[in-house]
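Enquirer: Got a structure here, written out as structure tokens. Questions coming.
2 protein chains.
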Amino acid sequence: MARIIIVEDDSWMREELIDILQKAGYEAAAITDFHDIAQQIAALAPDLVLLDINLPEQSGFDICRSLKSRGIGPILILTSRDKLQDELHGLHLGADDYLTKPCNRDRLLARIQNLLRRFESQPGWIDGGGFWLDPNTFTLYKGSQSLLLSANEGKILLALAQHRPEIVTKSTLSELLWGTDQYIDENALQVNLTRLRKTLRQLNLENQIETIRGQGYRLRG
Amino acid sequence: MARIIIVEDDSWMREELIDILQKAGYEAAAITDFHDIAQQIAALAPDLVLLDINLPEQSGFDICRSLKSRGIGPILILTSRDKLQDELHGLHLGADDYLTKPCNRDRLLARIQNLLRRFESQPGWIDGGGFWLDPNTFTLYKGSQSLLLSANEGKILLALAQHRPEIVTKSTLSELLWGTDQYIDENALQVNLTRLRKTLRQLNLENQIETIRGQGYRLRG
DNA sequence: TTTTTCCTTACACCATCTGTAAGTATTTTT
DNA sequence: AAAAATACTTACAGATGGTGTAAGGAAAAA
Numbered sequence: 021m022a023r024i025i026i027v028e029d030d031s032w033m034r035e036e037l038i039d040i041l042q043k044a045g046y047e048a049a050a051i052t053d054f055h056d057i058a059q060q061i062a063a064l065a066p067d068l069v070l071l072d073i074n075l076p077e078q079s080g081f082d083i084c085r086s087l088k089s090r091g092i093g094p095i096l097i098l099t100s101r102d103k104l105q106d107e108l109h110g111l112h113l114g115a116d117d118y119l120t121k122p123c124n125r126d127r128l129l130a131r132i133q134n135l136l137r138r139f140e141s142q143p144g145w146i147d148g149g150g151f152w153l154d155p156n157t158f159t160l161y162k163g164s165q166s167l168l169l170s171a172n173e174g175k176i177l178l179a180l181a182q183h184r185p186e187i188v189t190k191s192t193l194s195e196l197l198w199g200t201d202q203y204i205d206e207n208a209l210q211v212n213l214t215r216l217r218k219t220l221r222q223l224n225l226e227n228q229i230e231t232i233r234g235q236g237y238r239l240r241g
Numbered sequence: 021m022a023r024i025i026i027v028e029d030d031s032w033m034r035e036e037l038i039d040i041l042q043k044a045g046y047e048a049a050a051i052t053d054f055h056d057i058a059q060q061i062a063a064l065a066p067d068l069v070l071l072d073i074n075l076p077e078q079s080g081f082d083i084c085r086s087l088k089s090r091g092i093g094p095i096l097i098l099t100s101r102d103k104l105q106d107e108l109h110g111l112h113l114g115a116d117d118y119l120t121k122p123c124n125r126d127r128l129l130a131r132i133q134n135l136l137r138r139f140e141s142q143p144g145w146i147d148g149g150g151f152w153l154d155p156n157t158f159t160l161y162k163g164s165q166s167l168l169l170s171a172n173e174g175k176i177l178l179a180l181a182q183h184r185p186e187i188v189t190k191s192t193l194s195e196l197l198w199g200t201d202q203y204i205d206e207n208a209l210q211v212n213l214t215r216l217r218k219t220l221r222q223l224n225l226e227n228q229i230e231t232i233r234g235q236g237y238r239l240r241g
């Protein structure tokens, strides 16, 4: 059974977490000495780390990075809701998932289960049919070739790949790019589609994106 | 095994190079379509580019510059001209080393091995003292903040962090940026140092880089 | 003080990304 | 078949960011 190491300075919360996890069948333990945290965790070789981002001595972010630099993971970050926006949004700090406190028991277990499963066999790439897409860097792979997409190209293609082979409406894409489903200027979206198609053609990916007239687009396959 | 892409218009030479490299255990392939060369190479994501500077259609110099601007490298220039001016020109354009034709087999392989070692990508994060640096993406982390460095900034900071707290000479940095230890234009290096320091200041990292007068720079800590 | 070394700022060039505009092509409807 | 609606493409221009050059200022050493 998976071993989970908890880093949490609030002792009540700590005991609570250990209890929940052990009852769920995990091997759970907590760090109580907050010196050289990364070192300790590394020695314990956990299958998952539960890390509170608000620690007294050392920044949770630094610990997270230190762990990742040692190849340890996955890491599930615990944070209060108000700090989430500021600190975690769009940040590549190496954490694999995050959870806002106070946390619901079921949600916590779901996240952990998900994360453990993901870490077993998840390459971090999305299958687009005839190609692969790295959702973090927007790098497109086909065979031995690769290509870096622009931000707009990446967002569109990722949405299409995630919903493949279903239709993604134009208003959905519009909201993705400009944060509004107002969908005022449809031409801008079309231009971006043209550019994406042109880019795909560089890897000999022809006719991947199908137009559904009056609705939106979808990825073949 | 490392993938090497060859750009050489002389078909005999091309086959010869492929043969040598493949027998040496490399994955070697050549560009045969001399249209949009930089684009092709970029898509192939090579570990090293072997570039003949005398090409029929497009100037090898232009290709070299284009590749470097996309962060592709290292580049080993092949030249039959033995004009020193041209070669220095090439190196200053971003080539990482050069070789005169006709080339000795052993020397070619030695240069390649050397270059590949120099450009090996590293895993994980480098501890810079008050910050962390991702050596692959040149992302700078401090606490909850992160920042993407430019190519030059990243190269310099990475070198400093790797040798911390030792001194990195200016000629070393010059070679890192422009592929030559000639250290011709020291001002360009200083400007890049200024820019790096300014960028570090954005994360409240003051006085991290110390100047060792007459020698070079080093990272405090 | 004088000289050497280092730092900073402003400028110009280039590449990339992106939305706008205008015209073309395709499909649907009448 | 013609008209209308929808989708596509191309060219242009503004914005942004990275870079080397040039020139002058600042700091340290002689």
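So the protein lines, in turn, are chains A and B. My numbering numbers the first residue of the first sequence as 21 and each following residue consecutively. My numbering numbers the first residue of the second sequence as 21 and each following residue consecutively. We put the beta carbon where it would ideally sit given N, CA and C, even for glycine. Here the structure is a predicted model, which means the values were calculated and not measured.
Below 9 Å between beta carbons: does that hold for Trp32 of chain B and Arg85 of chain A?
Expert: Indexing the second sequence from 1 puts residue 32 of chain B at position 12. Indexing the first sequence from 1 puts residue 85 of chain A at position 65. No, the Cβ-Cβ distance between Trp32 of chain B and Arg85 of chain A is not below 9 Å.
Enquirer: Between the segment 179–189 of chain A and the segment 30–48 of chain B, do three or more beta carbon pairs fall short of 8 Å?
Expert: Contact fails: fewer than three Cβ-Cβ distances are below 8 Å.
Enquirer: Excluding sequence positions up to five away, which residues of its chain have a Cβ less than 8 Å from the Cβ of Ile38 of chain B?
Expert: The count along the second sequence starts at 1 and reaches residue 38 of chain B at position 18. For Ile38 of chain B, where only same-chain residues beyond five positions count, the Cβ hits under 8 Å are Ile26, Ala48, Ala49 and Ala50.
Enquirer: Buried or exposed, going by whether 16 or more other CB atoms sit within 10 Å of the CB of Arg131 of chain B?
Expert: The residue given as residue 131 of chain B occupies position 111 in the second sequence. Buried.
Enquirer: Suppose the cutoff is 8 Å on Cβ atoms and the five residues either side in sequence are ignored; what does the same chain contact list for Asp106 of chain A look like?
Expert: For this step, residue 106 of chain A is matched to residue 86 along the first sequence. Model confidence at Asp106 of chain A stands at a pLDDT of 44, short of 50, so the residue's coordinates are unreliable; what they give is reported in the following sentence. Nothing meets the Cβ criterion.
Enquirer: Apart from the five residues just before and just after Arg125 of chain B, which ones in its own chain have a Cβ nearer than 8 Å to its Cβ?
Expert: In the second sequence, the residue the question calls residue 125 of chain B occupies position 105. Only Ile40 meet the Cβ criterion.
Enquirer: Tell me the DSSP secondary structure of Arg233 of chain A in three-state form.
Expert: Counted from its first residue, the first sequence places residue 233 of chain A at position 213. Coil.
Enquirer: Answer with yes or no whether the minimum CB distance from Gln59 of chain B to chain A is below 9 Å.
Expert: As a first step, residue 59 of chain B is located in the second sequence; it is residue number 39 there, counting from the start. Gln59 of chain B counts as touching chain A.
Enquirer: Taking Cβ to Cβ, would you say Gln177 of chain A is nearer than 9 Å to Gly148 of chain A?
Expert: Within the first sequence, residue 177 of chain A is the residue found at index 157, counting from 1. Within the first sequence, residue 148 of chain A is the residue found at index 128, counting from 1. It is Leu, not Gln, that sits at residue 177 of chain A in the sequence shown. Cβ distance < 9 Å, so Leu177 of chain A and Gly148 of chain A count as in contact.
Enquirer: In the DSSP output, which residue or residues are listed as bridge partners for Arg23 of chain A?
Expert: Here the question's residue 23 of chain A lines up with position 3 in the first sequence. Looking at the DSSP assignment, Arg23 of chain A forms a beta bridge with A:Glu47.
Enquirer: Secondary structure at Thr52 of chain B, three-state DSSP: helix, strand or coil?
Expert: On the second sequence, position 32 is the one that residue 52 of chain B refers to. Three-state DSSP puts Thr52 of chain B in coil, outside helix and strand.
Enquirer: Just checking: is the beta-carbon of Leu167 of chain A within a distance shorter than 9 Å of some beta-carbon in chain B?
Expert: Counted from its first residue, the first sequence places residue 167 of chain A at position 147. Chain B, which has a Cβ nearer than 9 Å to the Cβ of Leu167 of chain A, makes this yes.
Enquirer: Report yes if the C-beta distance between Leu119 of chain B and Leu87 of chain B is below 9 Å; otherwise report no.
Expert: Within the second sequence, residue 119 of chain B is the residue found at index 99, counting from 1. Within the second sequence, residue 87 of chain B is the residue found at index 67, counting from 1. Taking 9 Å as the Cβ cut-off, Leu119 of chain B and Leu87 of chain B do not qualify as a contacting pair.
Enquirer: Quick one: what's got a C-beta closer than 6 Å to Asp67 of chain A's C-beta in the same chain, skipping five residues either side?
Expert: As a position in the first sequence, residue 67 of chain A is number 47, starting the count at 1. Once the five neighbours on either side are set aside, the close Cβ partners of Asp67 of chain A are Ala22 and Arg23.
Enquirer: Among A:His183, A:Tyr161 and A:Glu195, which one has its Cα closest to the Cα of Asn172 of chain A?
Expert: Indexing the first sequence from 1 puts residue 172 of chain A at position 152. Ranking the options by Cα distance to Asn172 of chain A, first place goes to A:Glu195.
Enquirer: Given a cut-off of 9 Å on the beta-carbon distance, is the pair Thr231 of chain A and Leu169 of chain A in contact?
Expert: As a position in the first sequence, residue 231 of chain A is number 211, starting the count at 1. As a position in the first sequence, residue 169 of chain A is number 149, starting the count at 1. Not in contact: Thr231 of chain A and Leu169 of chain A (Cβ atoms no closer than 9 Å).
Enquirer: In this structure, how does DSSP classify Thr219 of chain A when only helix, strand and coil are distinguished?
Expert: The sequence position of residue 219 of chain A within the first sequence is 199, counting from 1. Thr219 of chain A: helix per DSSP, three-state reduction.
Enquirer: Does the CB of Leu223 of chain A have a neighbour CB from chain B at under 9 Å?
Expert: Counted from its first residue, the first sequence places residue 223 of chain A at position 203. Chain B, which has a Cβ nearer than 9 Å to the Cβ of Leu223 of chain A, makes this yes.
Enquirer: Any idea what DSSP makes of Trp32 of chain A, helix, strand or coil?
Expert: In the first sequence, residue 32 of chain A corresponds to position 12, counting from 1. Residue state, collapsed to three classes: helix.
Enquirer: Does the Cβ of Asn224 of chain A have 16 or more other Cβ atoms within 10 Å, making it buried, or fewer, making it exposed?
Expert: Sequence index remark: in the first sequence, residue 224 of chain A carries index 204 (1-based). Exposed.
Enquirer: Which residue from B:Ala208, B:Ile57 and B:Leu98 puts its Cα closest to that of Cys123 of chain B?
Expert: What you label residue 123 of chain B is simply residue 103 of the second sequence in a count that begins at 1. Considering only alpha carbons, the answer is B:Leu98.
Enquirer: Quick one: grab the DSSP three-state call for Ser166 of chain A.
Expert: Along the first sequence, one-based indexing puts residue 166 of chain A at 146. Ser166 of chain A falls in the strand class under three-state DSSP.
Enquirer: Under 9 Å, Cβ to Cβ, is there at least one residue of chain B near Phe81 of chain A?
Expert: The sequence position of residue 81 of chain A within the first sequence is 61, counting from 1. Answer yes: the Cβ-Cβ gap between Phe81 of chain A and chain B drops below 9 Å somewhere.
Enquirer: Chain B partners of Arg85 of chain A, CB-CB under 7 Å?
Expert: As a position in the first sequence, residue 85 of chain A is number 65, starting the count at 1. The answer, in chain order, is Trp145, Trp152 and Tyr161.
Enquirer: Compare the C-beta of Thr52 of chain A against all C-beta atoms of chain B and say whether one is closer than 9 Å.
Expert: Taking the first sequence and counting its residues from 1, the one referred to as residue 52 of chain A is at position 32. No, Thr52 of chain A does not count as interfacial toward chain B.
Enquirer: Take His183 of chain B as the anchor and find which of B:Glu36, B:Ala65, B:Pro94 and B:Arg238 has the nearest alpha-carbon.
Expert: What you label residue 183 of chain B is simply residue 163 of the second sequence in a count that begins at 1. Among B:Glu36, B:Ala65, B:Pro94 and B:Arg238, the Cα nearest to that of His183 of chain B belongs to B:Arg238.
Enquirer: Examine chain A for any beta-carbon lying closer than 9 Å to the beta-carbon of Thr157 of chain B, and answer yes or no.
Expert: In the second sequence, residue 157 of chain B corresponds to position 137, counting from 1. True, the Cβ-Cβ gap to chain A drops below 9 Å.
Enquirer: In angstroms with no decimal places, state the Cα-to-Cα distance between Leu209 of chain B and Ala181 of chain B.
Expert: Within the second sequence, the letter at position 189 stands for residue 209 of chain B. Within the second sequence, the letter at position 161 stands for residue 181 of chain B. Leu209 of chain B and Ala181 of chain B: Cα-Cα distance of roughly 17 Å.
Enquirer: According to DSSP, is Ile97 of chain B helix, strand or coil?
Expert: As a position in the second sequence, residue 97 of chain B is number 77, starting the count at 1. Correct three-state label for Ile97 of chain B: strand.
Enquirer: For a quick check, are the C-beta atoms of Asn212 of chain B and Leu197 of chain B less than 9 Å apart?
Expert: Taking the second sequence and counting its residues from 1, one reaches residue 212 of chain B at position 192. Taking the second sequence and counting its residues from 1, one reaches residue 197 of chain B at position 177. Taking 9 Å as the Cβ cut-off, Asn212 of chain B and Leu197 of chain B qualify as a contacting pair.
Enquirer: When you compare the CB of Leu68 of chain B with every CB in chain A, is at least one pair closer than 9 Å?
Expert: What you label residue 68 of chain B is simply residue 48 of the second sequence in a count that begins at 1. Not one chain A Cβ lies under 9 Å of Leu68 of chain B.
Enquirer: If you compare alpha carbons, which of B:Pro94, B:Ile83, B:Gln222 and B:Thr157 is closest to Ile57 of chain B?
Expert: Along the second sequence, read from residue 1 onward, the residue named residue 57 of chain B stands at position 37. Here the closest residue by C-alpha is B:Ile83.
Enquirer: At which residues does the alpha helix (DSSP H) containing Asp126 of chain B begin and terminate?
Expert: In the second sequence, the residue the question calls residue 126 of chain B occupies position 106. Its alpha helix (DSSP H) spans residues Arg125 to Arg138.
Enquirer: In angstroms, rounded to a whole number, what distance separates the CA positions of Leu167 of chain B and Thr159 of chain B?
Expert: Locating residue 167 of chain B in the second sequence gives position 147, where the first residue counts as 1. Locating residue 159 of chain B in the second sequence gives position 139, where the first residue counts as 1. Going by the C-alpha atoms only, they are around 6 Å apart.
Enquirer: Taking all protein chains shown into account, do 16 or more other C-beta atoms lie within 10 angstroms of the C-beta of Asp72 of chain B, making it buried, or fewer, making it exposed?
Expert: Along the second sequence, one-based indexing puts residue 72 of chain B at 52. With 16 or more other Cβ atoms within 10 Å, it is buried.
Enquirer: Given this structure, state the Cα-to-Cα distance separating Asp154 of chain A from Gln222 of chain A, to the nearest angstrom.
Expert: Your numbering for residue 154 of chain A matches position 134 in the first sequence. Your numbering for residue 222 of chain A matches position 202 in the first sequence. Straight-line Cα distance between these residues: approximately 17 Å.
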